[in-house]
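The structure appears right after this line, and notes come after that.
In this note's numbering, the protein residues as written are 14 to 167.
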């Protein structure tokens, strides 16, 4: 069954939070965050590619429903589906234990960098025709996260 993603994130935070803080102290916040974003972006883009290829469908709604079910294991997120079709998947995340965890650590900004920033490169791994739009996150203080996945038509 594997370890829920929320538990993986908590384990990773034990190493990544002190590492990122050390990088910020050494390189400056802006440079360190850019380096972390690029490095983790490359990792999550490859994970997105592998994940999408492993699916037997190109159905955006179906595949993203499976992805969010995985991210939500262990009561990690509460969300409602606004739209789901062959070419779209739109949800609002209204409860987020990832954000709660980083808030309890006193590091919501690092939570955004280490968790939320991975959403876009992960989606890029699905192919150039799948686009994610998200204008707000709970991690940054909003009431909800608004994920909108859409297949771009030529």
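Yeah, the Cβ is synthetic: ideal placement off N, Cα and C, and Gly gets one too.
In this structure, 166 is the residue among 95, 92, 166, 20 with its C-alpha nearest to the C-alpha of residue 140. Secondary structure at residue 70: coil, using DSSP grouped into helix, strand and coil.
In terms of Cα proximity to residue 21, the closest of 158, 84, 100, 52 is 84. Inclusion of residue 34 and residue 123 in the CB contact set at 9 Å is warranted, their separation being smaller than that value. Remark: fewer than three beta-carbon pairs, one from each stretch, lie closer than 8 Å, so the stretch 61-70 and the stretch 38-52 are not flagged as touching.
The Cβ atoms of residue 143 and residue 161 lie no closer than 9 Å to each other.
Under the three-state reduction of DSSP, residue 108 is assigned to strand. Contact check between the stretch 73-89 and the stretch 100-109: three or more CB pairs, one atom from each, fall below 8 Å, which counts as touching. Rounded to the nearest whole angstrom, the CA to CA distance from residue 128 to residue 80 is 15 Å. Taking a 10 Å sphere around the C-beta of residue 150, we find 16 or more other C-beta atoms and assign the residue as buried. Under DSSP, no beta-bridge partner is assigned to residue 141. Each residue's CA atom was taken as its position, placing residue 72 and residue 26 some 33 Å apart. Secondary structure at residue 55: helix, using DSSP grouped into helix, strand and coil. Between the beta-carbon of residue 53 and that of residue 156 there is about 26 Å, and that puts the pair past the 8 Å contact cut. Secondary structure of residue 132 (DSSP, three-state): helix.
Out of 15, 75, 19, 118, the CA that lies nearest to the CA of residue 31 is found in 118.
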